[in-house]
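The listed protein sequences derive, respectively, from chains G and C. In this text, residue positions in the first sequence follow this note's numbering: the first is 1, and each later residue adds one. In this text, residue positions in the second sequence follow this note's numbering: the first is 189, and each later residue adds one. Ideal Cβ placement from N, Cα and C applies to all residues, glycine included.
2 protein chains.
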Amino acid sequence: MMQEKLRAHIEQIVPLTDDEFQFISDHFTNKKYKKHQFLIQEGQPVKYHYFILSGLLKLVYTDGTGKQHIVSFAMENWWESDFYAYYTQTEATMSLECLEDTEVLCLTLADYKKLCDTLPKMQRFFLEKANFGFLGAQRRIISWLTSNAQARYEQLLKQYPLLIQRVPKSQLAAYLGVSRETLSRFTS
Amino acid sequence: MMQEKLRAHIEQIVPLTDDEFQFISDHFTNKKYKKHQFLIQEGQPVKYHYFILSGLLKLVYTDGTGKQHIVSFAMENWWESDFYAYYTQTEATMSLECLEDTEVLCLTLADYKKLCDTLPKMQRFFLEKANFGFLGAQRRIISWLTSNAQARYEQLLKQYPLLIQRVPKSQLAAYLGVSRETLSRFTS
DNA sequence: CTCTTAGTGTGATAAATGTCACTCTAAAAT
DNA sequence: ATTTTAGAGTGACATTTATCACACTAAGAG
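So, in structure tokens, the structure goes:
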């Protein structure tokens, strides 16, 4: 059963009884997408926070000149969304697109709140996720403050060696904030 | 009473009874620091998460060459710490230093956990803080991906006009990841 | 098989930013 | 009153990175 992946994921942080997990999993819906499909499109409402069962996504911000910047990648056992638009129920400013065929579990904001209010364990789980999400973002900011493009690339290779093999270098460049030509000239 | 500032801050997110607030405030201790003093020093354990009653702090990461990078500023009604070191009870990799005389309320990790476990309202409060903390960091990443140094400076001026007046430009440069000379040449 | 497309590499040049050296001003210290 | 120090501005030059143009390869579509 696909939902077991979610259970194992949550139980890395808080233990659950069978009843509790049944209650939790009743709030998720399952969806499948093909490579190049969009889960979220800029300008549209953001219905779900996504837990990724398999596959690979990119969260993209498109600037005024049409250039695409990758805010984050997301793969198995990661959560992803345009979280600001989701949390405030406003229109998406980013898009979420498949780099591979992807299967997800979907959670609406109403159900997110319901889970938090009903099960303190789930609120604890989401607090832990939010704290580590913040720390990951802070780590990326520090990488930017302290390192040039090549060093940031090397740090990325070291931190996510598996991810790198699944993502075209041009996309890594859009994540690192460097042109694909410059990235291509790094010997590493 | 100084603690009233904390109460008003928490009640922006969750309402509290007098008893609840009394219980909460019993877990904080009050401290005062002078300009140039350190609340956290690199290599030392991180005892507290700080709620700032008044004053101004900078969170600084010092790289291998001794160059100082400002990870964040923090002023009244903000929370600050070397959160990774605090949360994992490891040694600080950053330092937290006063840019002005500063008064804070201090919360140990044990008490943070106790508050979360005892009062779901407080867990809810910290979840909200963590989510918005993450979104703030993500916003800064997007600013970096999409904008050059001058545009990032202008965005900072627009987003935190009050902060800018209290911080020397050389420190803003260290926050923006640009040399003070380059920042000085921007006409804005 | 041929054609198209995505991904990549690379040279030439332009633009942005860093570094070093020096100056100036105003506030703080003595 | 003077000396010191922090903060800021600027010129000259070096370095990093972006941009544009083009070539090459491999995988997928017809």
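- In summary, L350 of chain C is exposed, with fewer than 16 beta-carbon neighbours lying within 10 Å of its beta-carbon over all protein chains present.
- In its chain, beyond the 5 residues on either side, no residue has a beta carbon closer than 6 Å to the beta carbon of A318 of chain C.
- Around K309 of chain C, the same chain offers V202 as residues with beta carbons nearer than 6 Å, after the five sequence neighbours per side are excluded.
- Here the C-alpha atom of V292 of chain C lies approximately 15 Å from the C-alpha atom of L247 of chain C.
- No Cβ of chain G is located within less than 8 Å of the beta carbon of H237 of chain C.
- At a beta-carbon threshold of 7 Å, the residues of chain C lying near A137 of chain G are F322, A325, Q326, I329, ordered along the chain.
- The alpha-carbon of Q44 of chain G is positioned some 40 Å away from that of R373 of chain C.
- Of all residues in the region 61-72 of chain G, only Y61, D63, H69, V71 come within less than 7 Å of chain C when Cβ atoms are compared, listed by chain position.
- The residue among C:Y238, C:L345, C:Q311 with its C-alpha nearest the C-alpha of W266 of chain C is C:Y238.
- Here E100 of chain G is not near K47 of chain G, since their CB atoms are 8 Å or more apart.
- Excluding the 5 residues flanking it on each side, Q225 of chain C has same chain C-beta neighbours closer than 6 Å at C286, in chain order.
- In the DSSP assignment, Y50 of chain G falls outside any alpha helix (DSSP H) and within the unbroken beta strand (DSSP E) covering 48-54.
- Cα atoms of E20 of chain G and T370 of chain C: separation of roughly 56 Å, rounded to the nearest angstrom.
- With respect to chain G, the C-beta atom of P356 of chain C has no partner C-beta closer than 8 Å.
- Between I40 of chain G and M94 of chain G, the C-beta spacing is below 8 Å.
- Restricting attention to C:A280, C:Q326, C:Y348, the CA atom closest to the CA of T250 of chain C is found in C:A280.
- Residues of chain C whose Cβ lies closer than 8 Å to the Cβ of Q123 of chain G are, in chain order, P308, Q311, R312, L315.
- When the Cα atoms are used, C116 of chain G and L6 of chain G turn out to be separated by approximately 16 Å.
- DSSP places T108 of chain G in the uninterrupted beta strand (DSSP E) bounded by 102-108.
- P45 of chain G is bridged by DSSP to G:E91.
- Bridge pairing for L247 of chain C: C:S260, C:L284 [DSSP].
- With a threshold of 8 Å between beta carbons, A318 of chain C makes contact with chain G.
- Rounded to the nearest angstrom, the Cβ distance from L157 of chain G to F271 of chain C is 26 Å, too far for a contact under 8 Å.
- Using beta-carbon distances, L333 of chain C counts as an interface residue toward chain G, with a partner under 8 Å.
- Cβ contact annotation for K114 of chain G (same chain, cutoff 8 Å, sequence separation greater than five): H27, in chain order.
- A straight line joining the alpha-carbon of W144 of chain G with that of G365 of chain C spans about 8 Å.
- F216 of chain C sits in coil when the DSSP states are folded into three classes, being neither helix nor strand.
- Its Cα nearest to that of E230 of chain C, the residue C:Q256 stands out among C:I212, C:Q256, C:L360.
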